[in-house]
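Down below is the structure, laid out as structure tokens.
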Amino acid sequence: MKLVVAIIKPFKLDEVRQALTAIGIHGMTVTEVKGYGRQKGHTEIYRGAEYVVNFLPKLRIEIAVASDIADKAVSVITATARTGQIGDGKIFVTPIDHALRIRTGETDSDAL
């Protein structure tokens, strides 16, 4: 099993969710986060005052998948979240040692 964590631009969430659903991935956790990478923020003007926005709003998507479809999930997220502009995000894939569904007690792949 693998945990796929993707940091994407907020307006791409619906496209990514629909694409993942189309390949059979139905569960995900989405968290609103702030951060920066090479984008390094930007300046904005509010009521005549200029200020620097260092941390940009992003979404963190976490999905637990079987190891054999992790690469497919990564390629689908990459294809649908890409805008070609700086700040499109990152994807991290880590192994999951053990999973348990609390309601039924199912473990590992059955718990997904």
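According to the numbering used here, the sequence shown holds residues 1 to 112 in order.
For every residue, glycine included, the Cβ atom is placed at its ideal position computed from N, Cα and C.
Since this is a predicted model, take the numbers as computed values, not measurements.
Report yes or no: is there a C-beta of chain C within less than 8 Å of the C-beta of residue i?
i: V53; result: In the displayed structure, chain C is absent; only one protein chain is listed.
Please report the straight-line C-alpha distance between residue i and residue j, rounded to a whole angstrom.
i: G87; j: V93; result: 19 Å
i: A6; j: A49; result: 34 Å
i: F123; j: D110; result: The question about residue 123 has no answer, for the chain in this structure spans 1 to 112.
i: A79; j: K90; result: 12 Å
i: S75; j: R82; result: 11 Å
i: I61; j: L13; result: 9 Å
i: S67; j: T21; result: 17 Å
i: I25; j: T107; result: 18 Å
i: E15; j: R47; result: 34 Å
Note down, in chain order, each residue of its chain lying with its Cβ closer than 7 Å to the Cβ of residue i, except the 5 sequence neighbours on either side.
i: A64; result: M1, L3, I96, A99, L112
i: R38; result: I86
Sort the options by Cα distance to residue i and report the nearest one.
i: Y36; options: I25, T104, A49, V53; result: V53
i: R17; options: I102, L59, T107, D110; result: L59
i: L56; options: A66, E32, I69; result: E32
Applying the 10 Å Cβ sphere with the 16-neighbour rule, what's the burial state of residue i?
i: G105; result: exposed
i: G27; result: exposed
i: I102; result: exposed
Counting only the same chain and skipping the five closest in sequence on each side, list residues whose C-beta sits under 8 Å from that of residue i.
i: I23; result: I69, K72, A73, V76
i: K34; result: F55, L56, P57, K58
i: A19; result: V76, I77, A79, T80
What are the residues that DSSP puts in a beta bridge with residue i?
i: V5; result: E62, F92
i: L100; result: T107
i: G35; result: L56
i: T29; result: E62
In chain order, what residues of the same chain lie with their CB nearer than 6 Å to the CB of residue i, ignoring the 5 residues before and after it?
i: T29; result: E62
i: I8; result: L59, A81, G89
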